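Protein chains: 2
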Amino acid sequence: MNRQNLSPEALELQPILKHPEQGLVVADRVLKDLYPEFFSCLNFPLLLLDAGEDAKTIASVQILYDFFLANKLRRSEIVHVFGGGTICDTAAFAASSYKRGCRLHLYPSTLLAMVDAAIGGKTGVNYSGFKNQIGTFYPAERIVIHPDFLKTLARDEIRQGIAEMLKLAILFPEIPIPDSCEDLPHAEDILRHALYKMSICQIDPYDGSERMLLNFGHSFGHALETKSEYQIRHGDAVVMGMIMACDLSLQMGFISRERHAELRNILSGYEFPASVLAYVKNLDMDELLVIMEQDKKSGSAMRLILPVGKEIKLVELSE
Amino acid sequence: MNRQNLSPEALELQPILKHPEQGLVVADRVLKDLYPEFFSCLNFPLLLLDAGEDAKTIASVQILYDFFLANKLRRSEIVHVFGGGTICDTAAFAASSYKRGCRLHLYPSTLLAMVDAAIGGKTGVNYSGFKNQIGTFYPAERIVIHPDFLKTLARDEIRQGIAEMLKLAILFPEIPIPDSCEDLPHAEDILRHALYKMSICQIDPYDGSERMLLNFGHSFGHALETKSEYQIRHGDAVVMGMIMACDLSLQMGFISRERHAELRNILSGYEFPASVLAYVKNLDMDELLVIMEQDKKSGSAMRLILPVGKEIKLVELSE
Chain A
71 MNRQNLSPEA LELQPILKHP EQGLVVADRV LKDLYPEFFS CLNFPLLLLD
121 AGEDAKTIAS VQILYDFFLA NKLRRSEIVH VFGGGTICDT AAFAASSYKR
171 GCRLHLYPST LLAMVDAAIG GKTGVNYSGF KNQIGTFYPA ERIVIHPDFL
221 KTLARDEIRQ GIAEMLKLAI LFPEIPIPDS CEDLPHAEDI LRHALYKMSI
271 CQIDPYDGSE RMLLNFGHSF GHALETKSEY QIRHGDAVVM GMIMACDLSL
321 QMGFISRERH AELRNILSGY EFPASVLAYV KNLDMDELLV IMEQDKKSGS
371 AMRLILPVGK EIKLVELSE
Chain B
71 MNRQNLSPEA LELQPILKHP EQGLVVADRV LKDLYPEFFS CLNFPLLLLD
121 AGEDAKTIAS VQILYDFFLA NKLRRSEIVH VFGGGTICDT AAFAASSYKR
171 GCRLHLYPST LLAMVDAAIG GKTGVNYSGF KNQIGTFYPA ERIVIHPDFL
221 KTLARDEIRQ GIAEMLKLAI LFPEIPIPDS CEDLPHAEDI LRHALYKMSI
271 CQIDPYDGSE RMLLNFGHSF GHALETKSEY QIRHGDAVVM GMIMACDLSL
321 QMGFISRERH AELRNILSGY EFPASVLAYV KNLDMDELLV IMEQDKKSGS
371 AMRLILPVGK EIKLVELSE
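Going down the list, the protein sequences come from chains A and B. Per this note's numbering, the very first residue in the first sequence carries number 71; after that it's consecutive. Per this note's numbering, the very first residue in the second sequence carries number 71; after that it's consecutive.
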């Protein structure tokens with residue numbers, strides 16, 4: 071059996087990156103240029119991929135299959151993946167469907183991937199204009215958080231990760247609100263967020279109950295990403311999605327004006343780029359709703375995670 | 071959570087085929103022509119596919135994804151699949167990877183699919199010249215065995231199913247040897263075989279121990295299928311593979327001449343087409359071994375299911 075693992079033990083904070091076990095390596099092309107010594111020390115077959123939503127395709131998955139086959143990868147062997155969310159998602163889907171699943175170790179290289187994308191076993195690629203339409207549930211056997219990778223991360227990228235940390239903090243009072251939208255969080259805070267997400271995924275791996283809450287801001291967010299053809303980045307889209315969810319809740323009478331102001335106040339600490347604000351200002355909400363209809367988390371009614379009273383919960387809106 | 075099911079309760083013998091629950095229908099083109107009334111009564115979106123190993127491709131999987139998306143299939147909805155092993159394997163892989171897995175009901179239409187291919191959750195397509203290289207473990211929520219479908223099955227097709235029933239009978243003494251290689255087995259015998267396979271898969275879903283025995287004849291068999299570019303059919307290849315395994319065991323000194331004669335005697339009841347016998351006569355065994363090397367069941371050593379003494383078990387041959 072393939073050693074999939076959704077327990078907190080799968081997570082490891084590794085201040086100095088160790089030489090991994092024998093296997094194949096898949097890495098973000100840019101990461102390899104930033105850490106040439108580490109990657110040249112690895113004496114394993116290496117495939118370099120481009121990051122980004124545009125590269126999260128079936129075609130990239132086939133490039134991975136070809137790489138696995140060319141190197142005669144066996145089910146019992148490990149694929150080590152170094153990259154951000156899009157590379158982790160794509161390579162994990164390929165690993166999950168190669169020979170019905172081989173071993174998988176993830177080394178998320180962005181803050182967003184460390185606290186969110188690499189945690190919880192969701193793999194996937196975009197298809198036919200929709201985000202993550204094709205994928206599997208396939209938790210990695212091991213996830214290595216190496217904070218040094220963040221030193222070379224652009225501020226724009228850090229903000230995408232802060233967005234998911236902010237979401238977790240709004241959902242769960244025991245998680246502190248991030249101090250800043252641009253500064254790197256401490257390694258311990260990153261690990262705490264990752265562990266917290268992992269514990270929720272362990273309770274509810276298939277998005278049946280608790281895990282669904284993690285989609286707060288994501289229905290509007292995914293639609294924004296799709297509609298803007300990924301010009302709006304995931305974290306920015308999720309925070310904008312949470313704002314839209316708060317506004318909808320107020321409009322539907324689910325929350326008081328005070329609660330709405332309280333939530334909007336927390337979210338106001340997030341600094342959107344001007345381009346995102348301009349895009350949303352000119353947005354046709356009806357077009358966004360059409361995309362949300364097709365979103366994978368939808369059941370027969372429109373299901374949204376919305377603030378209701380003092381809570382945030384799943385609400386079914388009849389069509 | 072998607073209702074995957076590896077328990078015997080997932081199996082249903084349905085003498086008169088009932089109208090299924092709301093969903094999408096994927097069917098073998100030929101089956102629809104043979105049972106036009108049943109399929110025209112189904113008021114669901116219908117996708118017709120060609121059967122055969124040649125059609126078990128990533129391209130077919132994308133045709134399925136497009137059909138699912140065009141009909142706005144949701145994760146909570148059912149894909150009903152009517153067809154033989156190749157269509158069940160392909161459509162089940164598509165269902166398992168669409169929105170990280172939707173609901174799946176299988177209606178195997180061939181004897182081989184009823185007793186083997188549709189049972190146990192292995193999905194897959196061929197890739198880059200190798201059989202089932204891409205796939206997932208994704209047991210159907212429900213498998214409906216409708217024996218009427220067998221009435222229109224060619225003798226050649228019946229034999230492919232008998233081959234897997236013969237394999238099960240050699241592995242497990244409580245399963246009777248099929249009477250004939252050409253006559254249709256009774257519905258109860260079909261169900262008994264299917265239930266027996268299901269019980270083994272339930273104990274060992276991921277091929278770690280008991281289930282591996284079901285690969286008896288399959289390492290040689292898959293290589294024969296691949297080498298012959300699927301001119302040799304799966305059942306014929308598996309029986310020929312069992313013969314090769316018996317011969318190898320005798321050669322390696324794993325079994326006595328008496329045990330070898332006993333096994334060959336049971337297998338001699340199987341009537342190969344002349345073309346298969348001619349193909350095997352001219353075969354270069356070394357080329358077969360190269361293909362077996364790449365076979366997904368291989369670990370670091372060559373692992374084969376072979377007769378050893380009175381048993382049949384997993385043997386690791388060092389390289």
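Glycine is no exception: its CB is placed at the ideal position from the N, C-alpha and C atoms. Small disclaimer: the values here were computed from a predicted structure and weren't measured.
Sorted by chain position, which residues of the same chain lie with C-beta nearer than 6 Å to residue i's C-beta, five sequence neighbours on each side aside?
i	result
Gly-53/B	There is no way to answer for residue 53/B, as the model of chain B reaches only from 71 to 389.
Ala-307/B	Gly-291, Leu-294, Glu-295
Tyr-197/B	Gln-203, Ile-204
Ile-189/A	Ala-264, Lys-267, Met-268
Ile-273/A	Glu-280
Glu-341/B	Cys-251
Gln-84/A	Val-214, His-216
Glu-386/A	Ala-371, Arg-373
DSSP puts residue i in a beta bridge; with which residues?
i	result
Asp-360/B	The sequence shown places Val at residue 360/B, not Asp. Val-360/B is not bridged to any residue.
Met-372/B	Leu-387/B
Leu-174/B	Val-149/B
Lys-192/B	Phe-207/B
Gly-93/B	Ile-148/B
Val-378/B	Glu-381/B
Glu-82/A	Val-214/A
Ser-168/B	The question names Ser, but residue 168/B in the sequence shown is Tyr. The partner list for Tyr-168/B (beta bridge, DSSP) reads Ile-204/A.
Leu-118/B	Ala-97/B
Tyr-197/B	Phe-200/B
In chain B, which residues lie with their C-beta within 7 Å of the C-beta of residue i?
i	result
Gly-205/A	Ser-167, Arg-170
Secondary structure at residue i, three-state DSSP: helix, strand or coil?
i	result
Asp-317/B	helix
Met-322/B	coil
Ile-204/B	strand
Ala-187/A	helix
Ile-213/B	strand
Tyr-300/A	coil
Lys-366/B	Legend: pLDDT at Lys-366/B = 46, less than 50; position of this residue unreliable, no value from coordinates given.
His-330/B	helix
Asn-285/A	helix
Lys-102/A	helix
Arg-229/B	helix
Arg-73/B	coil
Lys-88/B	coil
Cys-158/A	helix
So which residues of chain A does residue i contact, with C-beta pairs closer than 8 Å?
i	result
Asn-72/B	Tyr-276
Gln-132/B	Ile-128
Asp-136/B	Ser-198
Leu-87/B	None at all; the shortest Cβ gap to chain A is about 26 Å.
I want to verify the contact list: residues of chain B whose CB lies under 8 Å from the CB of residue i, in sequence order.
i	result
Gly-194/A	Arg-170
Ser-289/A	Those within 8 Å of Ser-289/A in chain B number zero; the least Cβ separation is about 14 Å.
Leu-374/A	Those within 8 Å of Leu-374/A in chain B number zero; the least Cβ separation is about 15 Å.
Leu-76/A	Those within 8 Å of Leu-76/A in chain B number zero; the least Cβ separation is about 14 Å.
Could you name the residues of the same chain whose beta carbon sits closer than 7 Å to that of residue i, not counting the 5 residues immediately before and after it, in chain order?
i	result
Ile-228/B	Leu-181, Glu-252, Leu-254
Ser-179/B	Asp-98, Leu-101, Phe-152, Gly-153, Gly-154, Phe-219
Gly-287/B	Lys-237, Val-308, Val-309, Gly-311, Met-312, Ala-315
Val-350/B	Met-310
Quick test of your reading: residue i and residue j, contact by CB under 8 Å. State the CB separation rounded to the nearest angstrom.
i	j	result
Asn-75/B	Arg-212/B	7 Å
Ile-245/A	Ala-239/A	4 Å
Gly-93/A	Ile-148/A	3 Å
Ile-215/A	Ile-157/A	In fact, because the Cβ distance is near 16 Å, the residues do not count as touching under 8 Å.
Ser-319/B	Leu-376/B	5 Å
Lys-380/A	Arg-329/A	7 Å
Ser-166/A	Tyr-105/A	Going by Cβ atoms, the distance from Ser-166/A to Tyr-105/A rounds to 26 Å, so no, they are not a contact pair.
Leu-143/A	Val-96/A	Actually they are not in contact, since the Cβ atoms of Leu-143/A and Val-96/A sit about 11 Å apart, beyond 8 Å.
Leu-87/A	Phe-108/A	6 Å
Interface residues of chain A around residue i at Cβ under 7 Å?
i	result
Ala-359/B	Before going further, note that residue 359/B is Leu rather than Ala in the sequence given. Within chain A, no residue comes near Leu-359/B; the closest Cβ sits about 14 Å away, beyond 7 Å.
Taking residue i as the query, report the chain B residues whose CB atoms sit under 9 Å from its CB, ordered along the chain.
i	result
Leu-254/A	Neighbours of Leu-254/A on chain B: none; closest Cβ ~32 Å, over 9 Å.
Ignore the nearest five residues each way along the sequence and tell me which others in residue i's own chain have a CB closer than 8 Å to its CB.
i	result
Leu-358/A	Phe-290, Ala-293, Leu-294, Lys-297
Ser-146/B	Cys-172, Arg-173
Leu-241/B	Leu-283, Leu-284, Phe-286, Ile-382
Any C-beta of chain D sitting closer than 8 Å to the C-beta of residue i?
i	result
Leu-139/A	Of the chains in the structure shown, none is chain D; the protein chains are A and B.
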